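What follows is a single structure, written as structure tokens, with notes after it.
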Amino acid sequence: MLGGAPGLSARWERLEPRPRARMLRQVLHAGLRTSFRALGRFVAGHAVFFASAPVLLSVLLGASFSRYRVEEDVQSLLAPKHSLAKIEGSLVESLFPVNRSRHALYSDLQTPGRYGRVIVTARKGSLLEAAHLDAVLALHRNIYQMQNACIIDDIIRAMEEIQAARAWNRTLPVLHYPITRLADGRRAYIGHQLGGVQGWGPGGAVRAQGAGGRGEGVRSARALQLTYYLQARGELMEQVAGLWEEAFCAELQRFAAGHSRLGIYPSTSSSLRTDFQFSSILAHRPLLASLGACGVLAILCCSMRDCVRSKPWLGLLALLSITLSGLSAAGILNLTGATYNSTYLGIPFVMLGHGLFGSFEMLSSWRRTREDQHVKERVASVFEDVMLRFSGSTMLHLMTLGLAASPLTNMEAVRLFCRTAALAVSVSYVYMLSFYSSCLVFTGYLETGYRHGCFCRRVPRPDRLSSKPAWYRCLMFTRYQDESQTANPQLGPSHALPNSELTRTRTAIGAGVHCTRTHPHPSATASMDPHPQDSHLLLGCVRRCYGNWITNTYVKPFVVLLYLVYISFGLMGFLQVTQGSDPSAVVAMDTATVLYARAQQRYFSSYSPVIGFYIYESAPYWNSSVQRDLLEYAKGFQRISWLEAYLNFLSDHNQSTSLPRENFTYTLRHSFLRQPQFAHFADDIIFAERGEGEEPDLAASRIFLVAKTTENKREEMSVLLDTLRRLSLTSRVRFLIFNPSFVYLDRYAAAVSSPLRHSLLAVLFLLGLSSLAIVEPLVSVWLGLTLLSVQFGVLGFMTLWGVELDCMSVLCLISALGHSADCSGPLLCGFASGQGESRTRWVRAALERHGVPSLQTLICYGAALVPVGSVRSNLTQTMFRCLALTASCSALHTLAFLPTLLTFLPPSKNRGLRPAGESQRQGAECVEMNDSTRVVDQITTV
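First residue of the sequence shown: 1, per full-length UniProt numbering; consecutive thereafter.
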């Protein structure tokens with residue numbers, strides 16, 4: 001009899017003896033599916049409780065927002081947590097407190113302590129002109145009169161000398177760059193105080209900007225930078241310093257309003273923190289717009305022409321479930337005393353992508369269930385079909401985020417984000433199983449009662465609709481069960497799609513005789529729908545058009561070529577990846593920090609931050625070889641060195657530089673340091689008492705170095721830091737180098753990229769481990785390759801788009817692992833689980849079952865991202881570009897690359913099928929078929 005039904009004989013295969021590993025996977029699969037089916041039946045039986053409990057819990061946890069706190073220590077977030085620079089900084093602080101020397105350790109990044117800083121630029125002319133100079137000094141006097149003790153920059157003293165000389169009609173003192181000599185004979189470094197400098201060259205020629213050398217006079221300067229360091233110790237002084245900074249900014253605003261010919265760019269110690277958190281304030285309205293746009297598209301994606309089977313409210317309820325889970329997770333954070341920062345703006349999108357994937361998969365599975373079943377059984381079938389995949393993708397999310405949140409992560413911002421995102425995903429998973437599933441139960445009862453999916457009104461039968469207007473008949477269009485049963489003809493093999501959800505049992509009848517009873521999963525009826533135009537629009541397009549087009553023989557070469565182009569551009573960007581250690585890259589645009597950083601880069605990028613060269617152990621400074629070594633180390637730098645000045649002092653007084661220890665120390669203390677022009681060097685030397693009548697030892701000392709830099713300032717500073725550290729390991733003199741900006745530069749690339757590597761390795765390990773017991777090995781292989789390909793593409797294309805590898809981009813790359821697994825995992829599982837048909841048939845079936853929910857998720861997710869791209873913030877721009885690339889690469893792999901590659905690459909679809917010539921062996925095959933009319937046919941062949 002099977003000879004008359006070749007399509008059936010091709011679909012139902014005989015089962016072959018499988019390896020034990022496959023049997024173990026089948027047993028575990030069956031056990032997990034049975035457990036989820038029981039869970040679905042339990043949720044459907046207590047729908048009111050599971051719908052109300054999450055809402056009540058969210059309201060209670062949301063009341064904890066009175067404990068909302070914002071993170072104030074930005075350095076702890078953006079700088080590597082464990083770095084050698086922080087250890088060196090602690091040692092430097094113990095020897096030479098930074099609070100007393102930060103005026104010498106100038107940093108173009110954030111400096112420890114309280115301070116106010118301003119860059120004044122001349123729109124025309126030079127700031128050294130009399131009018132501009134008087135205005136700047138008047139500003140300085142107004143600031144200095146504010147009640148608080150602050151340290152004055154050396155450039156102020158130099159400008160006051162110039163002003164006094166002009167007032168008395170004297171010859172103007174020559175101002176040298178970058179090291180000048182003040183009236184008291186002291187040499188002062190002003191390379192970070194004067195910017196846009198043009199100096200007098202040989203023969204009176206004008207040298208280019210920043211090209212002034214030692215001994216050359218400054219002709220003009222376009223910018224001037226003033227820094228006021230506050231002596232703030234104790235909590236009360238900190239509060240006073242905070243008020244001083246507010247008054248400082250207010251005074252600069254008044255000054256800028258009255259001097260239109262000068263540009264004012266202020267910055268304070270709290271500017272970075274304020275501007276970093278300002279991104280969250282700017283993103284409030286765009287996030288609401290994202291929620292609205294996503295809600296509208298979610299309603300459209302859940303709508304159908306059939307008004308009864310259409311469930312538009314489930315789209316909004318899915319967003320409500322995600323919102324409630326986010327509120328609950330935030331409440332838990334508040335109760336545990338956690339703080340918030342602007343990087344948490346990416347967490348709603350992690351929850352949105354994962355939650356929408358689960359909701360659309362559940363809705364798609366619901367539409368494949370038999371409509372004549374009870375609602376509880378339909379929900380149980382949905383849980384059995386979907387929850388295993390959804391739980392697996394949730395586990396992937398938790399694995400990637402959990403390992404990145406472990407103590408192995410050296411970046412505090414990454415660790416806190418991943419910890420919070422893991423909590424949010426866990427709560428979202430629980431709410432999807434409870435709240436959204438109970439909403440599915442309620443809409444199921446509406447469908448059973450033939451009520452309108454939008455208005456909840458009972459839809460009249462077709463005979464009553466005939467007298468109604470056309471718009472009313474269109475609005476109330478549906479198919480009743482008896483109508484659909486009489487309209488369903490028997491489908492031929494050409495209309496039947498393969499079903500990957502079939503369960504088979506095998507019973508031995510005799511020698512060589514086997515009986516196989518095949519029970520189709522309830523979702524099998526969806527593929528037999530003769531009215532695709534009555535189903536969902538996207539489903540009809542994929543079923544009738546896209547599935548056939550993407551698997552067409554003439555389209556495949558172009559898709560493969562597109563993948564090669566994708567890999568080529570990804571490799572091009574991957575080879576150009578750069579690290580982004582600048583904190584101004586994660587703050588809001590058009591803020592004080594960004595404007596100040598631009599002015600600083602334009603006018604003051606010729607020299608590096610001041611590097612402190614610390615000799616932290618006693619050294620024989622009187623030894624000529626040690627002196628040569630120290631002078632050699634400082635060679636090539638602009639420097640303020642007590643040792644070099646002391647050796648010149650000895651030479652000028654006709655004394656040998658190789659004095660005995662006692663004479664060397666005695667002359668240093670009682671002669672050199674008592675000279676007015678050298679007295680400030682006393683802060684750079686620490687003496688250790690030896691005993692009565694003996695000269696003390698030089699326990700520690702420091703000198704200051706400044707390097708000439710180009711446009712790639714941070715890269716050069718990182719190379720210089722590594723070079724000097726390697727030199728310290730081989731030097732006879734034990735020294736270290738430090739600047740407050742080093743805590744951002746030191747091992748930043750390793751600290752940022754290590755969480756991504758750990759998460760990727762954790763996912764691959766989890767896939768390999770699960771392939772031994774739960775997942776088909778080839779599914780794990782394909783999914784691992786897909787994740788690597790998506791990550792490679794996102795990393796390469798984001799570099800080509802101008803995104804550097806900083807903490808925010810790494811957070812997006814970590815979340816991209818879970819997002820790409822959500823999109824491509826179900827498609828691979830659906831394809832790999834089927835046997836007995838051609839690859840093309842199974843690719844089309846997998847696209848119909850799982851490609852459509854992935855497409856719906858990507859559409860809503862992309863719509864939610866669009867408003868975020870309009871936020872004027874560097875942080876949100878980075879997040880938008882990375883998440884948009886993640887969605888695009890995931891869509892390409894799910895809807896184009898994988899459907900094409902799976903048609904000619906493993907796994908094979910003919911495993912387990914007997915050859916046609918094996919007719920000598922006798923076998924019996926019994927196939928029990930159930931259709932929507934519950935008519936049972938048994939076909940038996942021998």
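Each residue gets a CB set at the ideal place from its N, CA and C atoms; glycine is no exception. Predicted model only: the values in this text are computed from it and were never measured.
Backbone secondary structure at residue i - three-state DSSP
i      : result
MET237 : helix
VAL779 : helix
LYS635 : coil
LYS311 : coil
HIS176 : strand
ALA122 : strand
PRO676 : helix
LEU855 : helix
MET411 : strand
GLY830 : helix
ALA183 : coil
ASP153 : coil
Cβ-Cβ distance between residue i and residue j below 7 Å
i           : j      : result
THR886      : ALA816 : yes
SER393      : ALA821 : yes
CYS439      : PRO312 : no
LEU307      : THR478 : The residue asked about is misnamed: residue 307 is Cys in this sequence, not Leu. It is a contact, given that the beta carbons lie within the stated cut-off.
SER701      : ASP683 : no
LEU795      : PHE574 : yes
VAL542      : SER608 : no
ALA421      : VAL350 : yes
GLN225      : GLN198 : no
residue 943 : ALA751 : No answer is possible for residue 943: it lies beyond the span of the chain, which begins at 1 and ends at 942.
PRO740      : PRO80  : no
residue 948 : HIS850 : In the structure displayed, the chain extends from 1 to 942; residue 948 sits before or after that span and is not available.
LEU828      : VAL779 : yes
LEU745      : SER728 : no
Environment of residue i [buried if 16+ CB atoms lie within 10 Å]
i      : result
LYS468 : exposed
ALA470 : exposed
ARG285 : exposed
ALA524 : Below a pLDDT of 50, predicted positions are generally treated as unreliable, and ALA524, at 39, falls in that range; no measurement from the model is reported.
ASP73  : exposed
THR723 : exposed
SER290 : buried
MET159 : buried
GLU412 : buried
LYS124 : exposed
GLU384 : buried
LEU423 : buried
Inter-residue Cα distance where the pair is residue i and residue j
i            : j      : result
residue 1008 : LEU127 : Absent from the structure is residue 1008, since the part of the chain shown begins at 1 and ends at 942.
MET304       : GLN856 : 13 Å
SER35        : LEU811 : 35 Å
VAL852       : THR268 : 52 Å
GLY331       : LEU24  : 42 Å
ASN334       : GLN791 : 33 Å
GLU716       : GLU804 : 17 Å
GLN677       : GLY185 : 5 Å
SER381       : SER434 : 16 Å
residue 971  : MET395 : Absent from the structure is residue 971, since the part of the chain shown begins at 1 and ends at 942.
ASP652       : GLU695 : 24 Å
VAL386       : LEU314 : 17 Å
ALA188       : TYR621 : 24 Å
PRO907       : ALA832 : 6 Å
CYS882       : SER809 : 6 Å
Check whether the stretch 358-371 touches the stretch 87-97, counting contact only when three or more Cβ pairs, one atom from each stretch, lie closer than 8 Å.
As far as the Cβ criterion goes, the stretch 358-371 does not touch the stretch 87-97, which means the pair count is below three.
Touching or not, the stretch 288-302 and the stretch 330-340, by the rule of three or more beta carbon pairs under 8 Å?
no
Quick check: the stretch 176-196 against the stretch 135-143, are at least 3 beta-carbon pairs closer than 8 Å?
no
Cβ contact check for the stretch 733-748 and the stretch 761-771: 3 or more pairs under 8 Å
no
On the three-pair Cβ rule with 8 Å, is the stretch 547-557 touching the stretch 831-850?
They touch, by the three-pair rule.
Stretch pair the stretch 79-86 + the stretch 343-358: three plus CB contacts closer than 8 Å
With the cut-off at 8 Å, the stretch 79-86 and the stretch 343-358 do not touch.
Pairing CB atoms from the stretch 114-123 with CB atoms from the stretch 260-274, are three or more of them under 8 Å?
yes
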